[in-house]
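Student: Pasting a structure here, questions to come.
Residue numbers (the working numbering): 29 to 430.
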């Protein structure tokens, strides 16, 4: 077993292997590694007060767990990951034990230094660390998926290694908050991190789709109050996106533009900028559901322009603050950034956000019962036009964001 000095020396050596670099909007990227070899990347705000040096992770950590297994549900064609290690996740810790806060002498958290934005590999991932081929510190899986045709084949008792990557995106060193509570500058840094990670994860062996998202609120199942999101790099095209690709095949390659044209001419528009429009969709399922779409076709964050990212930061903040202005207490939600798959549908699937919440009143939640949970047959209790009117009023109360 290495002693702490040997661990510190090894970590310092790793930290010097990948130099800092400047991304868009003046964001500085500083890659390093954690004590068990997981990747950690700091993204510094433009004009940050932080210096260039970062503390070394000198913890003594157990070896990383083995990669989980996927099993095929032959009734649906869906792959189900069995990741037993996720049972041991921390549940709603106090500020003194926050695993996403910067490390202190009494809190050996996951992030060694004070930071603006930090991204690191999840210690309890649903996918990875193994990949279809060895890459950097990631080993090659023993039984990886063998391409999309292999994953699409139906058969009893089929299993594959759940290759991929799961990352945590810390929006702030603060113990509480969400994306919507951040400043415009910080939101812009996070957007730059999403774009950078989308590009990098798309290059990993066996990755088919990248999914940045934020879970907010205990009603959604959040286990940490710290303002953060996640990024999943899947070894398959998700069931939701598979259905989307089928709809595009049955209608038109320009389906997203047709949807945007329809919504922009409706009473369901909430916000509209030069590059983005937010709206309640025509067939919204949830009591609160908002989509945000770019005006031109762009498959993922990595291919957005600086101007699109610049406008997105304040517009997205205003949207989320409007969601919170609906009630006296913060609203639970899932903010899901749908991106085109890595290898198919790049010319037809458009990057877009879907924010959904089960909150149907100040003190009521929508629960999925028999028809919806078992048969996927939805009933909406709130008309999309009514929801849009309430959200527009709430957004108007927010005012300008900073």
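Glycine included, every Cβ here is placed at the ideal spot set by N, Cα and C. Quick caveat, the model's predicted, so the values are computed rather than measured.
Could you tell me the boundaries of the beta strand (DSSP E) in which residue 187 lies?
Tutor: Mapped onto the chain shown, residue 187 falls at position 159. That run of the beta strand (DSSP E) goes 187-189.
Student: What is the rounded straight-line gap between the Cα of residue 255 and the Cα of residue 139?
Tutor: Along the chain shown, read from residue 1 onward, the residue named residue 255 stands at position 227. Along the chain shown, read from residue 1 onward, the residue named residue 139 stands at position 111. Cα to Cα, the separation comes out at about 14 Å.
Student: Roughly how many angstroms lie between the CA atoms of residue 175 and residue 296, to the nearest whole one?
Tutor: Start at 1 with the first residue of the chain shown, and residue 175 comes out as number 147. Start at 1 with the first residue of the chain shown, and residue 296 comes out as number 268. Those two C-alpha atoms are separated by around 40 Å.
Student: Please report the distance separating the alpha-carbon of residue 223 from that of residue 230.
Tutor: Here residue 223 corresponds to residue number 195 of the chain shown, with the count starting at 1. Here residue 230 corresponds to residue number 202 of the chain shown, with the count starting at 1. Spanning the two alpha carbons is a distance of roughly 11 Å.
Student: Do the segment 189-199 and the segment 252-266 touch if we need at least three Cβ pairs shorter than 8 Å?
Tutor: A contact exists between the segment 189-199 and the segment 252-266.
Student: Any chance the segment 69-81 sits against the segment 149-164, with 3 or more Cβ pairs inside 8 Å?
Tutor: Touching, no, given that fewer than three Cβ pairs across the two stretches are closer than 8 Å.
Student: Mind checking which residues open and close the beta strand (DSSP E) that includes residue 257?
Tutor: For this step, residue 257 is matched to residue 229 along the chain shown. Where residue 257 is concerned, the enclosing beta strand (DSSP E) stretches over 256-262.
Student: Please state if the CB of residue 197 and the CB of residue 221 are separated by a distance shorter than 8 Å.
Tutor: Translated into positions along the chain shown, residue 221 becomes position 193. Translated into positions along the chain shown, residue 197 becomes position 169. Cβ atoms of residue 221 and residue 197: closer than 8 Å.
Student: Quick one: which unbroken alpha helix (DSSP H) runs of 4-plus residues sit fully inside the segment 230-254? Chain order, please.
Tutor: With a minimum length of 4 residues, no continuous alpha helix (DSSP H) run stays inside the segment 230-254.
Student: Of the choices 410, 373 and 99, whose alpha-carbon is the least far from that of residue 274?
Tutor: Within the chain shown, residue 274 is the residue found at index 246, counting from 1. Closest option to residue 274, Cα to Cα, is 373.
Student: When the distance is taken between beta carbons, is residue 305 closer than 8 Å to residue 288?
Tutor: Residue 288 sits at position 260 when you count from the first residue of the chain shown. Residue 305 sits at position 277 when you count from the first residue of the chain shown. Yes.
Student: If you follow the alpha helix (DSSP H) that residue 322 is in, where does it begin and where does it stop?
Tutor: The count along the chain shown starts at 1 and reaches residue 322 at position 294. No alpha helix (DSSP H) contains residue 322, which is instead part of the beta strand (DSSP E) from 316-322.
Student: Using the three-state DSSP reduction, which class does residue 273 fall into: helix, strand or coil?
Tutor: Taking the first residue of the chain shown as 1, we reach residue 273 at position 245. Helix, per DSSP.
Student: Exposed or buried, residue 216, counting other C-beta atoms within 10 Å across all chains shown (16 or more means buried)?
Tutor: Position 188 of the chain shown holds residue 216. Per the 10 Å Cβ criterion, buried.
Student: Look at residue 381 and residue 353 and say whether their C-beta atoms are less than 8 Å apart.
Tutor: Within the chain shown, the letter at position 353 stands for residue 381. Within the chain shown, the letter at position 325 stands for residue 353. Going by C-beta atoms, residue 381 is not nearer than 8 Å to residue 353.
Student: Hey, is the segment 57-74 in contact with the segment 122-131, meaning 3+ C-beta pairs nearer than 8 Å?
Tutor: As far as the Cβ criterion goes, the segment 57-74 does not touch the segment 122-131, which means the pair count is below three.
Student: Inspect the CB distances between the segment 201-216 and the segment 311-328 and report whether three or more fall short of 8 Å.
Tutor: Contact between the segment 201-216 and the segment 311-328 is absent, because fewer than three Cβ pairs lie under 8 Å.
Student: Take residue 316 as the anchor and find which of 290, 249 and 389 has the nearest alpha-carbon.
Tutor: As a first step, residue 316 is located in the chain shown; it is residue number 288 there, counting from the start. The candidate whose alpha carbon is nearest that of residue 316 is 389.
Student: Using the beta-carbon count (16 or more within 10 Å), is residue 31 buried or exposed?
Tutor: Along the chain shown, read from residue 1 onward, the residue named residue 31 stands at position 3. Low local confidence applies: a pLDDT of 37 at residue 31 is under 50, so the model's placement there is unreliable, and no value is given.
Student: So residue 303 and residue 356 are supposed to be a Cβ contact under 8 Å. How far apart are they, rounded?
Tutor: Sequence index remark: in the chain shown, residue 303 carries index 275 (1-based). Sequence index remark: in the chain shown, residue 356 carries index 328 (1-based). Contact doesn't hold; Cβ gap of about 33 Å is too wide.
Student: Can you have a look at residue 427 and say buried or exposed, based on whether 16 or more other CB atoms are within 10 angstroms of its CB?
Tutor: Sequence index remark: in the chain shown, residue 427 carries index 399 (1-based). Label assigned to residue 427: exposed.
Student: In angstroms, rounded to a whole number, what distance separates the CA positions of residue 133 and residue 422?
Tutor: For the purposes of this step, residue 133 is identified with residue 105 of the chain shown, where counting begins at 1. For the purposes of this step, residue 422 is identified with residue 394 of the chain shown, where counting begins at 1. The straight-line gap from Cα to Cα measures roughly 43 Å.
Student: What are the start and end residues of the alpha helix (DSSP H) that includes residue 345?
Tutor: Locating residue 345 in the chain shown gives position 317, where the first residue counts as 1. 334-352 is the span of the alpha helix (DSSP H), which, as asked, contains residue 345.
Student: Counting only the same chain and skipping the five closest in sequence on each side, list residues whose C-beta sits under 7 Å from that of residue 375.
Tutor: Taking the chain shown and counting its residues from 1, the one referred to as residue 375 is at position 347. So the list reads 281, once near-sequence residues are dropped.
Student: Give me, in chain order, the residues of the same chain whose beta-carbon lies closer than 6 Å to that of residue 162; leave out the 5 immediate sequence neighbours on both sides.
Tutor: Locating residue 162 in the chain shown gives position 134, where the first residue counts as 1. Taken in chain order, the residues that qualify are 168.
Student: Can you check whether the CB of residue 358 is closer than 8 Å to the CB of residue 386?
Tutor: The sequence position of residue 386 within the chain shown is 358, counting from 1. The sequence position of residue 358 within the chain shown is 330, counting from 1. Not in contact: residue 386 and residue 358 (Cβ atoms no closer than 8 Å).
Student: Do residue 199 and residue 68 come within 8 Å of each other at the CB atom, strictly closer than that value?
Tutor: Taking the first residue of the chain shown as position 1, residue 68 is located at position 40. Taking the first residue of the chain shown as position 1, residue 199 is located at position 171. In this structure, residue 199 does not lie closer than 8 Å to residue 68 by Cβ.
Student: Which ranges does the beta strand (DSSP E) cover as unbroken runs of at least 3 residues, wholly within the segment 37-99, from first to last along the chain?
Tutor: Counting only runs of 3 or more, we get 56-61 and 67-72.
Student: Pick from 135, 109 and 110: whose alpha carbon is nearest that of residue 87?
Tutor: Here residue 87 corresponds to residue number 59 of the chain shown, with the count starting at 1. If we check each option's Cα against that of residue 87, 135 comes out closest.
Student: Tell me, which residues are paired with residue 392 by DSSP?
Tutor: Residue mapping note: residue 392 aligns to position 364 of the chain shown, counting from 1. DSSP, once it has assigned bridges, lists 389 as partnering residue 392.
Student: Confirm, please, whether the CB-CB distance from residue 236 to residue 371 is below 8 Å.
Tutor: To locate residue 371, count along the chain shown from 1; it is residue 343. To locate residue 236, count along the chain shown from 1; it is residue 208. It is a contact, given that the beta carbons lie within the stated cut-off.
Student: Quick check on the DSSP output: the beta strand (DSSP E) that includes residue 300 runs from which residue to which?
Tutor: Position 272 of the chain shown, counting from 1, holds the residue named residue 300. Note, residue 300: beta strand (DSSP E), 297-300.
Student: Skipping 5 residues on each side, what residues in its chain have a beta carbon closer than 7 Å to that of residue 48?
Tutor: Within the chain shown, numbered from 1, the residue matching residue 48 stands at position 20. For residue 48, where only same-chain residues beyond five positions count, the Cβ hits under 7 Å are 56, 57, 58 and 80.
Student: Tell me which same chain residues have a C-beta within less than 8 Å of the C-beta of residue 101, skipping the five on either side of it?
Tutor: For this step, residue 101 is matched to residue 73 along the chain shown. So the qualifying residues of the chain are 107 and 108.
Student: Just the C-alpha distance for residue 347 and residue 362, rounded to the nearest angstrom, thanks.
Tutor: Locating residue 347 in the chain shown gives position 319, where the first residue counts as 1. Locating residue 362 in the chain shown gives position 334, where the first residue counts as 1. Cα to Cα, the separation comes out at about 13 Å.
Student: Report yes if the C-beta distance between residue 307 and residue 323 is below 8 Å; otherwise report no.
Tutor: Position 279 of the chain shown holds residue 307. Position 295 of the chain shown holds residue 323. No, the pair does not count as a contact, with Cβ atoms beyond the cut-off.
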